[in-house]
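Worksheet for the structure shown next.
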Amino acid sequence: MTIRTFLFASTAALIAGAAQAQSISIGLLSDPDLLDPDRSRTFVGKVVFQSMCDTLVDVDADLNYVPELATAWSLDESETALTFNLREGVVFHDGTPFNAAAVAANFERSLTLPDSLRRTELASVESVEVVDDLTVILHLKAPDSTLMSQLTGQPGMMKSPTAFNNGSDFAQNPVCAGPYVFDSRVQNDRITLTRFADYYEPERYHFDSVTYLPVPDSTVRLANLRSGALQIIERVDPSDLDSMRSDSNVALAEAPSLGWRGLEVNLNADTPMANDLRVRQAFDLAIDRDIINQVLGHGVLTPNRQPFAPMHFAYDPEIRADGRDVERARALLTEAGYDRVPVELLFANNTLAQSLMEMIQAMAGEAGFDVSLRATEFSAMQAALAEGNYEVGQAGWAGRVDPDGNFANFIYCDGSLNDTGFCSPEVDRLWTAAKETSDVAARTALYSEAMALVNAEMPYVFLYTEGYSYGLDAALTGFIPHPDGVVRLQDVSFTQ
């Protein structure tokens, strides 16, 4: 921490000077994984992609769908043909034209790339019809009320077919159609983007370059915002919110969240947690979510025992998030034949996660668990989860407009983010049925039925929904926080 602070402080004057030249530095909670929208698992990756890879559609701060690379869209009466009218005159960063053929190539890649993480999200797409250069139709296997929401994220990010077909690793030199071009990356240090001269809305972007710097320590991240070395930091630690509100040199922007945070259990591991539901239930009962919110969250880590946020129509207010019961937890362990149960928690080594896991360690200890902590870099944690090299791991999702996007990847038997090994054909059926109708009441009932089956097995221990907080240089203007947590630089600039 001391070294990182010193390095930032020693370059603060240079970066502050760059700010005057309309460059900006953004502090991230962690380092992104692969810079390839089809292969990325991380929220911070999406933050970087937002400035580099435009989507077909986006959402505004009120969660309305708004045009981006597509200017209009329509669904036929059967709800199985989604037509997009594309923006004219757009080119990718390498000069490749953006057109209907490029859109078709993107969907083909997302659906067929061996390690694509987008297959679950785009599973309803049967074929893509190129009508003309500026018109494309997605033909669906069945109605999919979730697809528009998916297309606001990585599944809708358009990449240059020239770049992803040239035989090189796209993640090493990503080429998209956004306002900024990939310039360079130093792993675990920085990602630098530069302005794209041929972007279709140049008047909305005011920085010559954007630099993203992973700073897992929240104290260091905030110190560098206050020193001028950073101009935006995402996910301000809850313990710093009050001090920021009283500091005239920085500004605080906040938004409610669509996401969830929790733990996932590796059901394929030969451990007490994996082998006995009663042990998982006991662990869940040992956690006091209200205390976590009060002590760590300062009121912004809203207790929640489900993958849907209060903003989602599928959110069930009847699912209580309180009710720690240490006595019942101990009784369940005794019933399962255990006195003490060893558990290893895998998590990313940032400030909030460390404090959270230490608190869970203490709470679970009172209920009969001997919890060891395994902290690692965020990308290494993601790799361990994907490989099944964990017992209980940190889990979460930044959130999508449609509730399906919050959990489908995690819960389908073949879900691209299903690291737990949970598989229920009946849950798959219910979840798919919820996608195939636009009736909100019917969808809510189907999700409720599916989640009852999921929670009966408890592959996930849901903890809370975290509000999004951003720290800003006081000289910045135009920043609008969004409930999906992504940093958008449209119309953001320094005051003169």
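According to mature numbering (1 follows the signal peptide of the UniProt record, and there is no 0), the stretch in the sequence shown is residues -21 to -1, 1 to 475, in order. Note that the Cβ used here is the ideal one computed from N, Cα and C, for glycine as well.
When the five nearest sequence neighbours on each side are left out, the beta carbons in the same chain lying within less than 7 Å of the beta carbon of alanine 315 are those of Asp255, Arg257, Val258, in order along the chain. Cβ-Cβ separation between valine 279 and proline 217: approximately 5 Å, consistent with a contact (criterion under 8 Å).
Contact check for tyrosine 443 and alanine 293: beta-carbon distance about 17 Å, past the 8 Å limit, so the pair fails to qualify. For the set Asp94, Leu231, Gly157, Asp304, the Cα lying nearest the Cα of histidine 72 is the one of Gly157.
Rounded to the nearest whole angstrom, the C-alpha separation of arginine 224 and glycine 344 is 36 Å.
In the three-state reduction of the DSSP assignment, isoleucine 5 falls in the strand class, which pools E and B. Under the three-state reduction of DSSP output, aspartate 37 falls in the strand class. The distance from the Cβ of arginine 268 to that of aspartate 295 is about 16 Å, inconsistent with a contact at the 8 Å cut-off. The beta strand (DSSP E) runs of length 3 or more contained entirely in the region 26 to 71 are, from start to end of the chain, 36 to 38, 44 to 46, 49 to 54, 60 to 65.
Contact check for serine 403 against threonine 99 fails: the beta carbons are separated by 7 Å or more.
Within its own chain, the residues whose Cβ lies closer than 7 Å to the Cβ of proline 235, once the five positions on either side in sequence are excluded, are Met290, Gly446, Pro462, listed in chain order. Nearest C-alpha to threonine 173 among Asp393, Val27, Val107, Asp249: Val27.
A distance below 7 Å separates the beta carbons of glycine 347 and arginine 309.
Residue environment analysis places serine 147 among the exposed positions, since fewer than 16 neighbouring C-beta atoms fall within 10 angstroms of its C-beta.
The three-state reading of DSSP puts valine 194 in coil, since its state is none of H, G, I, E or B. One alpha carbon belongs to glutamate 233, the other to aspartate 17, and they sit about 29 Å apart. Listed in chain order, the non-local C-beta contacts of isoleucine 298 below 7 Å within the same chain comprise Arg284, Gln285, local neighbours out to five positions each way being set aside.
When secondary structure is reduced to three states using DSSP, phenylalanine 186 falls in the coil class, being assigned neither helix nor strand. At a Cβ-Cβ threshold of 7 Å, threonine 330 and aspartate 177 do not count as neighbours. Pairing threonine 131 with aspartate 33, the inter-Cα distance amounts to about 9 Å.
With fewer than 16 other Cβ atoms inside 10 Å of its own Cβ, valine 165 counts as exposed. A direct Cα-Cα distance of roughly 7 Å separates alanine 40 from proline 460. Of all alpha-carbon atoms in Pro251, Ser334, Leu117, the one lying nearest the alpha-carbon of tyrosine 317 is that of Pro251. Here the alpha carbons of glutamate 337 and valine 109 stand approximately 54 Å from one another. Collapsing the DSSP output to three states places glutamate 180 in coil. Annotated as proximal: leucine 192 and arginine 169, with beta-carbon spacing under 7 Å.
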